[in-house]
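In this note's numbering, the protein residues as written are 1 to 334.
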């Protein structure tokens with residue numbers, strides 16, 4: 001290992017700390033792997049051989065994309081192969097099989113060091129393929145999509161740092177959700193207490209609590225004993241959850257005395273389950289107290305509240321539905 005930069009001979013970071021190389025860091029190792037192989041290599045075998053070559057540990061291999069459907073290292077190797085293919089350095093002689101091209105062998109012999117997008121820009125075949133992709137202005141409707149958007153090859157997307165275009169998409173979605181959550185939290189602060197209580201009851205209904213509207217009741221009123229709502233978990237109302245909903249300023253945390261008082265109100269109702277929901281947050285002491293009463297008292301703070309609202313579609317709408325295609329490797333490997 002190079003002591004100066006903490007990188008191995010191939011110029012990629014050591015994975016001893018379970019950090020995955022970026023997709024561009026897989027480009028040269030992938031070409032070198034294919035060059036060593038006497039025969040074209042199945043993609044699924046290339047994933048594992050490359051992971052072994054780079055000494056990816058089990059933690060690194062277990063990392064999944066945000067979708068939870070594919071290991072991140074396989075996704076990044078797949079994107080590396082895509083860019084190498086457009087550069088003419090790699091090709092697929094049959095379904096789900098990769099092989100280095102004569103141009104790829106010549107390039108490896110001539111080029112020393114890391115291969116990344118900047119290096120690929122020096123290859124005429126890559127430049128031509130990218131120019132062709134960027135000149136394609138036709139809009140393509142994606143089946144199952146609520147929108148029509150320009151769809152190009154990956155060549156017209158230049159990923160920042162080591163993120164693949166797919167990872168960029170997940171990151172952009174995460175930023176959008178965070179922005180909506182922030183705006184939602186601000187709107188909740190402007191609601192009237194009665195509206196907030198009704199909203200909490202409606203949210204619990206969307207989450208599947210209460211079999212009908214009659215099983216979800218708002219109680220909140222003067223002298224309610226700290227009970228703002230009641231949810232019946234069964235049709236006969238034999239098992240109930242009592243709710244307190246507090247629209248508080250985020251600067252004012254709810255402490256143990258408030259939570260303890262609500263638990264006392266539950267005892268007065270001979271209730272065994274309570275749910276305390278707020279737009280604010282709870283002190284550590286309040287959380288410790290709730291944890292000490294055998295799971296009969298659940299606390300939901302403002303951050304979790306807006307997450308649940310977004311997850312269950314309360315107060316928000318789906319602006320766009322984008323169906324993102326990916327190659328079915330199993331289909332092509334036969």
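The beta-carbon is built from N, C-alpha and C at its ideal position, and this holds for glycine as well.
- With a contact defined as Cβ atoms closer than 8 Å, residue 47 and residue 60 miss out at about 13 Å.
- Between the alpha carbons of residue 255 and residue 67 lies a distance of about 37 Å.
- Assigned with DSSP and collapsed to three states, residue 24 falls in helix.
- For the options 131, 168, 107 and 180, the alpha carbon positioned closest to that of residue 319 is the one of 180.
- Taking residue 271 as the centre and dropping the five residues before and after it, the same chain places the C-beta of 242 closer than 6 Å to its C-beta, in chain order.
- Taking all protein chains shown into account, residue 29 has 16 or more neighbouring C-beta atoms within 10 Å of its C-beta and is therefore buried.
- Contact fails between the segment 112-124 and the segment 50-65, because fewer than three Cβ pairs, one in each stretch, are under 8 Å apart.
- Scanning the segment 177-210 for uninterrupted alpha helix (DSSP H) segments of 4 residues or longer gives 193-206, listed from N- to C-terminal end.
- A direct Cα-Cα distance of roughly 18 Å separates residue 210 from residue 297.
- Remark: C-beta atoms of residue 247 and residue 191 approach each other more closely than 8 Å.
- In the displayed model, residue 55 falls within coil according to three-state DSSP, outside both helix and strand.
- The beta carbons of residue 26 and residue 56 sit no closer together than 8 Å.
- Assignment of residue 168 by DSSP, reduced to helix, strand and coil, places it in the helix class.
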